[in-house]
Amino acid sequence: MRCDYPACLIVEVLSPKTEAFDRGNKFYDYQKLDTLVEYVLISQDHQRLDCFRRNAQGIWTLQFYDPGSEIHLESVDFRTSLEALYEDV
56 MRCDYPACLI
66 VEVLSPKTEA
76 FDRGNKFYDY
86 QKLDTLVEYV
96 LISQDHQRLD
106 CFRRNAQGIW
116 TLQFYDPGSE
126 IHLESVDFRT
136 SLEALYEDV
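The following block contains the structure:
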């Protein structure tokens, strides 16, 4: 599902101080955005990306990406490997 409107994808880089807030109250507030399709959380501590995705029924699902995974952000039709995302980090 590709979107052509604002705020269909939000990406957060987690920090130890904000991770609980980003996963909790902030995500709760973001779910109220009608146009939001994907909410992505990128770990600073290890190679991991979590993608919360709203399906056609409006239910949020979670897709984990670990090393060796190809990331696919459907809302913007973006693909890359997790390793490429962390290159030079």
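Residues in the sequence shown are numbered from 56 upward in steps of one, following the working numbering. Even glycine gets a Cβ: it sits at the ideal position worked out from N, Cα and C.
- Pairing I97 with L104 gives a Cβ-Cβ distance under 8 angstroms.
- Rounded to whole angstroms, R109 and C63 show a C-alpha spacing of 10 angstroms.
- If you draw a 10 Å sphere on the C-beta of V95, you find 16 or more other C-beta atoms in it, and that means buried.
- Under DSSP, the beta-bridge partners assigned to T116 are R108.
- Boundaries of the beta strand (DSSP E) harbouring L96: E93 to I97, taken from the DSSP string.
- Sequence-distant Cβ neighbours of S70 in its own chain, meaning closer than 8 angstroms and more than five residues away, are Q99.
- Note: R134 is bridge-paired with H127 in the DSSP secondary-structure output.
- Counted as a single uninterrupted DSSP element, the stretch harbouring E142 is not any beta strand (DSSP E), since DSSP gives it neither H nor E.
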